[in-house]
Structures are given as structure tokens and as C-alpha cells.
Amino acid sequence: MSRTEKNEMVDTATDLAKEYIKKYYNAEFVVRDYEITDRSVHSVLDLYGYVEGHEDETIVVEYNYKKKEITSATGPKWFIQSRNPKKTGN
Numbered sequence: 000m001s002r003t004e005k006n007e008m009v010d011t012a013t014d015l016a017k018e019y020i021k022k023y024y025n026a027e028f029v030v031r032d033y034e035i036t037d038r039s040v041h042s043v044l045d046l047y048g049y050v051e052g053h054e055d056e057t058i059v060v061e062y063n064y065k066k067k068e069i070t071s072a073t074g075p076k077w078f079i080q081s082r083n084p085k086k087t088g089n
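Residue 84 in numbering that gives the first Met the number 0 is what sits at position 85 of the sequence shown, and the numbering runs on without skipping anything.
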């Protein structure tokens with residue numbers, strides 16, 4: 000994967016992650032780092048960051064780069080429990 004492709008993938012994942020966290024958790028997600036899983040294992044890019052106001056607690060958003068969708072968000076219990084139950088799907 001070229002550097003340009005990698006940067007585009009990270010930019011897309013970041014934009015979608017921010018939209019996802021805003022929609023389902025009503026929070027602003029800030030990305031600190033990322034990790035791309037080898038394509039032979041999974042097609043996943045993990046974004047590591049936090050939600051504003053909780054800079055000391057890590058949130059991980061998983062992005063499937065083949066399907067171009069967010070597959071999950073994990074973090075502290077209070078964060079997971081804050082998910083808007085009325086919203087479903089990605």
C-alpha cells in the first residue's frame with residue numbers, strides 16, 4: 000500500500016469515526032494514533048483517541064477498510080453506556 004493510499008484510508012476512517020461517535024455517543028472524537036492490521040489477517044484500521052473532556056481515557060474505533068465502515072467503538076464503561084439506544088446500525 001502506498002503512502003498516499005494509507006493517508007487517504009486514515010483520513011476516511013477518521014472522518015467516519017468522528018461522525019459515528021457524534022451520532023451514537025453525542026461526543027467529539029479526537030484521534031491520537033492508529034494501527035492498520037495486515038490485510039492477510041483482517042481488513043481493519045483501529046483509531047485510538049479520546050472524546051473531548053475525557054482526554055485521559057482511551058476510546059478505540061474499529062474501521063473495516065474493505066467495507067469502508069465503522070464496525071465498533073470500545074472504551075470505558077461510562078462511554079459504552081452513553082450510546083444512544085434509539086440509534087441502530089452504522
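Each residue gets a CB set at the ideal place from its N, CA and C atoms; glycine is no exception.
message: For Glu51 and Val29, which I take to be in contact (beta-carbon distance under 8 Å), what is that distance rounded to the nearest angstrom?
response: In this structure, Glu51 and Val29 form a Cβ contact; the two beta carbons are roughly 6 Å apart against a cut-off of 8 Å.
As assigned by DSSP and simplified to three states, the class of Glu54: The answer is coil: DSSP assigns Glu54 none of H, G, I, E or B.
Exposure label - Leu24; buried when at least 16 CB within 10 Å: The question names Leu, but residue 24 in the sequence shown is Tyr. Tyr24 counts as buried, since no fewer than 16 other beta carbons sit within 10 angstroms of its beta carbon.
task: Within the same chain, show all residues whose beta-carbon is closer than 7 Å to that of Asp32, passing over the 5 residues directly before and after it, in chain order.
output: Closer than 7 Å at the Cβ level, and outside the excluded window around Asp32, lie Tyr47.
task: Would you list the residues sitting across from Tyr62 in a DSSP beta bridge?
output: DSSP lists Leu44 and Ile69 as partners of Tyr62.
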